[in-house]
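Structure first, then comments.
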Amino acid sequence: MTALAALEGMDRLTSGEALVAQNVAFAIMAITMVVAALRMVTTRNVVHAALYLVVVLAGVAGQFLLLGAEFVGVTQVMVYIGAIVVLFLFGIMLTKGSFGEDDGVSSEKRLMAGLVGLLVFGVMAAALVDSFEDAEVAREAPSTTAEVSDSIFSTYIVPFEAVSVLLLAALIGAIVVARKD
Amino acid sequence: MAVDLLTLAFQRPHIDWHGIAPELVLLGVGALITLVDIVFLEKARPITAALAGLGLLATAVPLLTLAADGTDRVMFDGAYVVDEFSLVMKAIFLLSAYVVVLLSTNYVAEGDYWENEYYGLLLASVMGMVMMASARDLVSIFVALELLSIPAYLMVAWRKRDLRSNEAGLKYYLMGVFASAVMLYGMSLLYGVSGSTMLDDIGTAVAAAGSSVPVVTMAIVFIVAGFAFKVSAVPFHTWAPDVYEGAPTPVTAFLAVASKAAGFVALLVLVLVAFPSASDVWEPLVWILAAASMTVGNMVALRQTNVVRLMAYSGIAQTGFMIAPLAVAGHGGGSADQALSAVVTYLAIYAAMNLGAFAVIIVLARKTGSAETTSFAGAFHYAPGLTVAMTIFLFSLAGIPPLGGWFAKFEVFRVLATAGEPWGYVLAAVGAVNSVIALYYYAALARRMWADDAPDGDHAPVPMTPSLASALGICGIVTLAFGVAPQLVARFTDVTLAALGG
Amino acid sequence: MSALLTLAASASTAAHGAGDLALGITEGGNWFLRNVWLIPLLPALSFVAILFFGKRMPRGGSEIGIAAVGIAFVLALLTGAAWIDHRDNFHGEEVHAAVVVDEAHGAHGDDHGDDHGEGHGHASLAVHQTVTWFQTNGVEFTVGTLVDGPAVMMLLVVTLVSLLVHVYSTDYVAGDRRYTHFFAFLSLFSASMLLLVVSENTLQLLCAWELVGVCSFALIGHWWEEKPNSDAALKAFLTNRVGDMGLLVGVTILFFAAGAALPGTFGSFSIAETNALANSGALSHTALLVASCCLMAAVMSKSGQFFLHTWLPDAMAGPTPVSALIHAATMVVAGVFMIARMYGVFFEGFQIGGSSINLMAFIGGLTTIVGACLAFVQRDIKKVLAYSTISQLGYMVMALGVGAWTAAMFHLFTHAFFKACLFLGSGSVSHAVHSFDMKSDMGGLRKDMPHTYRTFMIGTIALAGLPPLAGFWSKDEILVGTGGWGLMGGTDANGAYTLMLGMGMLTAALTAAYMTRCVYLTFFGEFRGHGHPHESGPRITVPLWILAFLAVFAGFLNMPKGFQLAPKGLQERFGHFVEPVAGYFPAIHHARPSWSLAIVSTIVVLCGVGAAAWYYFVKVEAASKAAGTSLTELPNGPTTRWPLARMGHTLLANRYYLDHLYNGVVADGTKGPVARLANRINQDVIDRTVDLTGETAVKAGTIVYEKIDQLVVDGAVNASGRGSSGAGEELRKINSGKVQSYAAILFAAATVLAGVLIVIV
Amino acid sequence: MLLNQFLLLSAVLFSIGVYGVLARRNGVLVLMSIELILNAVNINLVAFGAFRATVGGEVFALFIIAVAAAEVGVGLAMVLLMYRNRRSIDLTAIDQLRG
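Heads up: the protein sequence lines correspond to chains E, U, A and G, in order.
For what it's worth, our numbering labels the leading residue of the first sequence as 11, then goes sequentially.
For what it's worth, our numbering labels the leading residue of the second sequence as 202, then goes sequentially.
For what it's worth, our numbering labels the leading residue of the third sequence as 4, then goes sequentially.
For what it's worth, our numbering labels the leading residue of the fourth sequence as 2, then goes sequentially.
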């Protein structure tokens, strides 16, 4: 059951209630994500950071569902939260002791990072607001998994096959590099 | 739901097997090497290099048949295109990769590094490049970029016990991922503007949107920045010297030539197919990158004491030259075609002369165990042939006729001068000044090899192997031939992009 | 380009219709003229052969080089004979090019041949042969040969001097560890220069030009074990590169300028076409001026014109035969030859015919004086000759700048012989004394080395320009050509370049003076070096005598018209055969020779010789005798500040000597008050004047040398190097090694660029 | 829903990711910050996909997820290699190669 399916019967996606509900959902998730992301990049505890990352990733999956991209949302949960975060946790455990819990960052460096971050956001926000003003996301129906897969296996067949080579190469290479010998 | 499935019944895409034959052959060779490795383990080591080299040459066979066939093939709704341009670029990738295999053969075997996997990764990376040459949609370009980059990150760190190699690998990886993140953000905006990932559609949408849409500008800048990283253009060049220095030298050669060429392919295709109408954005952008790359690259190269770092900064400066024609490619009248063939010409010649220089560096560093310029001193006394070869490559890089590099620079200047734009002239002037500066450090290195005394008076002959000798031979002959008879290269590089409609 | 030529070639010779330009070239001609490419090919092949087989040959490859250059010389002779026949008797088809007709200039080009009519007979069609080199984007690039008077003259000079240098070198560098390598590059050097001389288009010229530069790099740095040598080689190379960029830009400008005037193509490298277009007025004056300035930069670096000349004296670090080759026949005259080749462009670009000063004439004039002053203060015999070359090249450039084309070429021709003779002579001397330092290691060599001494003296007199040796005729022609001498028949030149005449006169005096000094220090006085010098072997002296012979007689090839002592048939033979009378050559005026100028200039030279001789042969000699050792200058001489105490003594010594002179020469002859008066004038006026002049000249020379030459010019070259390298040091700090700083640069740069472009687009 | 609300959210995440990448010394944390950036891109793509009603954006996002997995694997391998050789994953400490 997805969030969108729950709204079925409410005159698809354009009815007033649906919009309010969606916007509320968006706001809650967005605020959670931003706070979690900020905590992630500032917390001193590496494991906590990984957990905050999970929150952000889950929020992203939620946004995908809100946008009607069910398959991507599910993949997001499975790949990111199921696999990648676990990889990170392994990484944290294997490198434990190098930092302990403290990631002391000089204020100078933080200032530089902050300024660059603000600069990036400023330019992006200015461009986006100027270009898309108050365009609405008005999707008639959520995309189906069938559409996505059809297009992967026809138009995008070459990159799809290439990704398989890529994963294999990354796997082999990562093993060689990471193993003890 | 059943009804839905019926209406959406999957249509098996038409596949032009001939068109993707090079990729398939390469895939087959890669799989073969992996299998040989799994089955024979250590016993396979002596043959993998040969296998990889032969595989690369075998891949050139379908390229020849495709070239003989001569038709432009547009596949998968326009996502994948085989045209003159892509064939020539694929040939450049395969040949440079072949030379890199020749350079690697002894290096990897003697260093006791993981050998079978090394060639597997190399082939995977080449596959990404070959794919890049044909990719005409954002997803394919992105995947090709990652396919060529990720194995390269790993190969840079291949000397596992060496801290410098580790450091280089990590830096390259991080910078590469940051750059592709920036590029992806730009791609997402392009998709948002056009609703399609196909470059053709994007081109139409960008033209329709007009040039003053801020997101389009930002998308172009971010995408160009992502590939400017790949080609190591200033200010996205910072990684190059460190990575070049730390990486195993054959991998450095690979990055400096093949990987850079792949970045240029993507840059050319994107700029000329996806945003031809937004030239008021990318022309100044490319202008800045070109002028900055030439100047910064050369200035810093003057101060280098390590030959590999020197080559890195020289490569940055060369990037400036290569990218320069694009700065005047956007005002119709065949200017795009002219710029395209100038860049391809430069890439082909650059591949030969730069690989040649790296070949000499590898051979000499094998003896001296160091890549400091001082350790190259007096090479003439114990390796006169190598010194002559290096001098040829260095002077070719400097652009002295009648060596190949001269024709490359000539084409660039020609494009800049015929554009009839004041900024083109200014860029040509910047280039001219820079080519004078550049000669200083090239000639200084050559002089050191000819004139100085060998450190510790060590005049023992240099160990040479057949593979290194053939690599040197190939590069030397090509460098000379392209300079003396430029029509050889001009015939092949007078290409057009199928999607350009030219 | 050549497609155009062939297309236009079908037009008949008579067709001078609108939009049709006679180029003054023909595709026909004698076999030797059409196949002149063999001449550069031979030494080029010899280069390869020596590299590959030289070490295995009994004489280390030198025999290959000599054979190749020897055959090339014979071919050049045959080509010369063929040209003499062709010049007067060829009646083949002339090639025309179609041009874009411009109302303002259209007809201008056609009346061209008429200016030439006087004295030269009918037009001399250059023999033009091309093959396609490569084609790119619709432009066809050709290689080929353009054989005309100057080309044939240069072929002869280069092959002859090169042959002699080859022979000479077999002795001079005998036993050198890179003997074979030396001959290989000598061959390549000759081949490059020969290629340059016969180049049909500017691109080919550019390639040959670069090749010459690379070869000189290899040869100047031949003994690279010593750091100054390899530094000198690099300096030569880099300074030349500065000029090369000028050449590149100039050639490019001309390429497009010609393209605009020729229909159906966007550029032309053809020398004949470019010149013919420039002459016809079809090219914009601005383009020609800018191109001329760029090309001038190339000439300044290659031909050692002030202020890009500093590499040339340093280049003396190379083996002496190479210096001879560089200075007499190859490298440095390449710049002068290039001006002569592209004269149509320069003539229009600098408006040589008419104005009274232009960049080329001024630079030439300045260089000629600066070079001569600097030659005064050198200790190293080769450096004297090097600065002398700079000065003489300045003469040639000045001559070209004032429109005296033939005079410049003639001076190039004669200079090649006497300068080669002098260089090889200095080599012979240094061979004997193992040094180039005149002051500490030479002196009195005339007894030990009679052949070298005599040939060196001949070279010196020729260089100084005393009649009837070669230098006199060519120098005199240049002075006449300035058009600044209106007295008793002066003349009809392209303008009134009085300033240039003055510069030329001054240089004539200076040249005579410094050469006298050089001869004195080397061959007179007592030997100051170590060991017992003796004469060099025949492989060195025979080339010296051949060159000395030419230094004496080469001048007669172009005796001025109206010179009553010579048969009419011998007057202006050189000018007749060398100067083109064709569409690609501008209509220049020829100054009338003037007896009065010849006499005045000879007197000026004699004054220069006299002043220096007085100082060295008279005063220094006497001081030496007094001191009991061989001095090289007066102990209280102009270069040293004399302390008060010694002043009296020196004064006495001087007076003593002058008294002696007076008694022997003047007083004994005249006696009485006249003699007394003469004595007073002698002591008080002439002596002081000589001293003062000498002092001033040397001081000025030293100041120029130390303050300007070494400090400013060299300093500027070095400082620009240091400057860019300092900037490099700063930029280098960007690469701090911290990956996150790199990342910050990446993100910030991308965003800032995006932001800026969003705002400005 | 406004398109821009998603895009701005994505921009915020992107910038926070940039901050993390630049400020954190711990290699693993930098890798995590990269994931923030990539997710920001994915939000963009999916939002545009919904806006334009084409599947391209979603497909692109899927590819990015797959490639990100490979990238993280490689990145962690590199960090582990560094950890093994120098017992530290402090990115500010690696500056042997410079100039």
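Glycine included, each C-beta is placed from N, C-alpha and C at the ideal position.
Asked                                                                                                       : Found
Rounded Cβ spacing between A/A300 and A/G246 (contact assumed at less than 8 Å)                             : 5 Å
Counterpart residues of A/S273 in DSSP-defined beta bridges                                                 : A/N204
Closest residue to U/T574 among U/G279, U/Q539, U/T506 and U/A525 (Cα-Cα distance)                          : U/T506
Every unbroken alpha helix (DSSP H) inside the segment 359-433 of chain U [4 residues or more]              : 364-395, 400-410 and 415-431
Identified DSSP bridge partners for G/I44                                                                   : Partner(s): none; G/I44 has no beta bridge.
Interface residues of chain G facing E/I162 [CB-CB closer than 8 Å]                                         : V60 and L63
Buried or exposed by the 16-neighbour rule on C-beta atoms within 10 Å, applied to A/D671                   : The predicted model places A/D671 with a pLDDT of 43, which falls under 50 and marks its position as unreliable; any figure quoted below should be read in that light. With fewer than 16 other Cβ atoms within 10 Å, it is exposed.
Endpoints, beta strand (DSSP E) assigned at U/Y281                                                          : Y281 to V283
One or two residues paired with A/I28 in a DSSP bridge                                                      : A/A129
Residue closest to A/A100, alpha-carbon to alpha-carbon, out of A/G73, A/S65 and A/L24                      : A/L24
8 Å Cβ cutoff met for A/T485 and A/V400                                                                     : no
Exposed unless 16 or more other CB atoms sit within 10 angstroms - verdict on U/E285                        : buried
Cβ neighbour criterion (16 or more within 10 Å) applied to U/Q212                                           : exposed
Selected residue, minimal CA-CA separation from E/S159, among E/V82, E/V51 and E/I41                        : E/V82
Enclosing alpha helix (DSSP H) for A/M401 [first to last residue]                                           : I384 to G404
Under 7 Å from the C-beta of A/I761: neighbouring residues of chain E                                       : A137
Buried or exposed by the 16-neighbour rule on C-beta atoms within 10 Å, applied to U/S397                   : buried
Coil, strand or helix - A/L265 by DSSP                                                                      : coil
Residue burial classification, U/L705 (beta-carbon count within 10 angstroms, cutoff 16)                    : There is no way to answer for residue 705 of chain U, as the model of chain U reaches only from 202 to 703.
Neighbouring residues, chain E, relative to A/A757 (Cβ below 8 Å)                                           : V133 and A137
A/T754 at chain E interface by Cβ criterion, 8 Å                                                            : yes
Contact with chain U by G/M2, beta-carbon distance below 8 Å                                                : no
Option in U/A580, U/V690 and U/L468 with minimal Cα separation from U/Y551                                  : U/V690
Neighbour-count burial assignment, A/M452, 16 or more Cβ in a 10 Å radius                                   : buried
Residue-level contact to chain U via CB, G/I17, 8 Å cutoff                                                  : no
Below-8 Å beta-carbon distance, E/L129 vs any chain A residue                                               : yes
Pairwise C-alpha distance: A/P322 and A/G31                                                                 : 42 Å
Three-way DSSP call (helix, strand, coil) for A/L149 in this model                                          : strand
Selection from U/V466, U/A630, U/I563 and U/D238 that minimises the alpha carbon distance to U/L698         : U/V466
Terminal residues of the alpha helix (DSSP H) in which U/M512 lies                                          : V508 to I524
Endpoints, alpha helix (DSSP H) assigned at A/H99                                                           : Run containing A/H99: none in the alpha helix (DSSP H); it sits in the beta strand (DSSP E), H99 to A101.
Collapsed DSSP secondary structure at A/V134 in the structure displayed                                     : strand
C-beta atoms of A/G505 and A/L482 nearer than 8 Å                                                           : no
Candidates G/N5, G/V22 and G/G50: closest to E/T154 by CA position                                          : G/G50
Within the segment 316-369 of chain A, ranges of the alpha helix (DSSP H) (whole runs, at least 4 residues) : 323-331, 334-344 and 346-352
Assigned exposure category for A/W86 - 16 Cβ within 10 Å defines buried                                     : buried
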